[in-house]
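S.K.:
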Amino acid sequence: MNCLTLQTAGLLLGVSDSKDFETGIIVGATFQIGSRTANGRFTTHSIKVMNVNASDFMKYLDSVVTLALSNATISAYSSGNSASLSIKAESVKVSQAS
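Under this note's numbering, the first residue of the sequence shown is numbered 120, with each subsequent residue one higher.
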């Protein structure tokens, strides 16, 4: 599924460089976002954003943030015994939630 804009909020648990494994070139950053579901279960989501530097977002670590993703693609896949979502975006705007 493709989305022109997608907004999500949660606790920014981690930010790391995302590499193209064939060339070894850094192509963007991967964000680890955590949030609670309606029944209280804590879930994490991994979101890959292209053409950004992970170091630009380190100041938001351990903060509740809102991510506004542009040109996002969401794909489903199986991971072990559970279903997961792959979220990739062309750009992101990060703001601290109030």
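Backbone N, C-alpha and C define an ideal beta-carbon position, used for all residues, glycine too.
Report the rounded CA-to-CA distance for S221 versus N158, giving the unit in angstroms.
M.R.: With the chain covering only 120 through 217, there is no way to say anything about residue 221.
S.K.: Under 7 Å Cβ to Cβ from Q151, same chain only, skipping five residues before and after it: list those, please.
M.R.: The residues are L132, G133, T163 and S165.
S.K.: So is A208 buried or exposed if we call it buried at 16+ other beta carbons inside 10 Å?
M.R.: buried
S.K.: Excluding the 5 residues flanking N161 on each side, which residues of the same chain have their C-beta closer than 7 Å to its C-beta?
M.R.: In the sequence as displayed, the identity of residue 161 is Phe instead of Asn. Apart from the 5 residues on each side of it in sequence, F161 sits with its Cβ closer than 7 Å to the Cβ of G153 and R155 in its chain, given in chain order.
S.K.: First and last residue of the beta strand (DSSP E) that includes T127?
M.R.: N121 to K138
S.K.: Do you know how far the Cα of S182 is from the Cα of L204?
M.R.: Straight-line Cα distance between these residues: approximately 23 Å.
S.K.: How far does the beta strand (DSSP E) with Y196 in it extend, from its first residue to its last?
M.R.: V183 to S198
S.K.: Bridge partners for G63 per DSSP, in chain order?
M.R.: Residue 63 lies beyond the range of the chain shown here (120 to 217); nothing can be said about it.
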